[in-house]
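So the structure is just underneath, and the comments pick up after that.
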Amino acid sequence: MEFVRIQHIDNPLFAKMHRLMQEVFPPEEVLDYDLWKEPLEDPGIRVFVAVHEGEVVGATEYRYYPDLNVAMTDFTIIGREGLGVGRFLARERQKDLLALAKENGKELYGMFAEIYDPYRVEEHSFGGIKPMDPFVRREVLSHLGYKRTNIAYVHPSWQNDGEAVSGLDLGFMPTNEEQTSLEAELIVTFLKRYYAVLPQKPQAWLDMVAELESKESVELLPI
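Going by full-length UniProt numbering, the sequence shown opens with residue 1, and the numbers climb by one from there.
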C-alpha cells in the first residue's frame, strides 16, 4: 500500500478520493469539488490517499500549525475492509506529523479531531462501510488516545450557509497521555483559524467561542 500526497485538483487520484468522500460523509461535511483547488495547493494542508493496486482505498487530510505546535485531523476515510487501511493511515500520518514538529524544533503537543457522537446522532450510515461506523470510529479514536473537550460543540456547515452542525465532539489527543485539561485560549485560536475560510458563522458557534474566551482551561474527558 502506498501513502500518496495529493496537491492538485487534476490529479486523477483526487477524483477517486472525492467520490469516496461523497459515498461516506453527509453532504454538509463535503466541500464541493472545485473548491478543493486552493486547499490542495496550500502547503500547510496535507491530503494523502492510501493506494492499493491503483485504487484509492482510504484517505486522510490533516494540518500542522507550527506556532501552536498542534495538528488537526480533518478526516480519515477507510474505504475497504480487510486491508489494515486505518492502521496504515494513522501510522503514516503520525510519522509525518512528528517529523514536521521536529523540523519546528518541538515535540508535537497534540492533535484535534471532530468526532461524531452516535449516541446523539444515529442517522450517519457512512456508505455502509463498517469500519466507518460512528460507534467503531469512536472506539478506535479512544484507543488512539483521543479525549473529548468538555464543551457543547458545534461547527459551521462546510456548505457555508450559516448553519450550525452539531452531533460531534471536539476531540484532542495529547502527546502526554496523563494530560487532563487543555488551554481554552489554544482552542479559541485554533477554531478561529480553522474556520476562517467560512465567512458565514452561525450564532451558536459565536456563542460557543465567546464562552471559551471567558475560561482559562477546558477539561479533557474520556470518549
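For glycine and all other residues, C-beta sits at the position ideal for the given N, C-alpha and C.
It should be emphasised that the depicted structure is a prediction, and the values quoted were computed from it without experimental measurement.
Classify residue i as buried or exposed, calling it buried when 16 or more other Cβ atoms lie within 10 Å of its own Cβ.
{"i": "Thr60", "result": "buried"}
{"i": "Gly79", "result": "buried"}
{"i": "Glu178", "result": "exposed"}
{"i": "Glu107", "result": "exposed"}
{"i": "Pro66", "result": "exposed"}
{"i": "Arg93", "result": "buried"}
{"i": "Phe135", "result": "exposed"}
{"i": "Lys192", "result": "exposed"}
{"i": "Glu29", "result": "buried"}
{"i": "Asp169", "result": "buried"}
{"i": "Thr73", "result": "buried"}
{"i": "Leu100", "result": "buried"}
{"i": "Ala113", "result": "buried"}
{"i": "Thr76", "result": "buried"}
Under the three-state reduction of DSSP, which class applies to residue i: helix, strand or coil?
{"i": "Glu61", "result": "strand"}
{"i": "Val165", "result": "strand"}
{"i": "Leu182", "result": "strand"}
{"i": "Val188", "result": "helix"}
{"i": "Lys95", "result": "helix"}
{"i": "His155", "result": "strand"}
{"i": "Glu23", "result": "helix"}
{"i": "Tyr195", "result": "coil"}
{"i": "Glu219", "result": "strand"}
Below 8 Å on the Cβ atoms is my contact criterion, and I expect residue i with residue j to pass it. Report the Cβ-Cβ distance as a whole number of Å.
{"i": "Gly58", "j": "Ala50", "result": "4 Å"}
{"i": "Asp96", "j": "Arg63", "result": "That belief does not hold up - the Cβ atoms of Asp96 and Arg63 are roughly 11 Å apart, past 8 Å."}
{"i": "Phe172", "j": "Leu220", "result": "6 Å"}
{"i": "Pro156", "j": "Gln200", "result": "7 Å"}
{"i": "Val188", "j": "Glu213", "result": "6 Å"}
{"i": "Val218", "j": "Asn150", "result": "6 Å"}
For residue i, which beta-bridge partners are listed by DSSP?
{"i": "His52", "result": "Glu55"}
{"i": "Gly110", "result": "Val70, Pro174"}
{"i": "Arg138", "result": "DSSP lists no partner for Arg138."}
Can the beta-carbon of residue i be found closer than 8 Å to that of residue j?
{"i": "Gly86", "j": "Pro174", "result": "no"}
{"i": "Ile115", "j": "Ile6", "result": "no"}
{"i": "Leu182", "j": "Leu68", "result": "no"}
{"i": "Gly167", "j": "Asp117", "result": "yes"}
{"i": "Trp158", "j": "Leu31", "result": "yes"}
{"i": "Leu89", "j": "Val56", "result": "no"}
{"i": "Leu83", "j": "Met17", "result": "no"}
{"i": "Leu13", "j": "Val24", "result": "no"}
{"i": "Glu216", "j": "Ala184", "result": "yes"}
Determine, for residue i, whether the minimum Cβ-Cβ distance to residues of chain C falls below 8 Å.
{"i": "Glu41", "result": "Considering every chain present, this structure includes no chain C. It has just one protein chain."}
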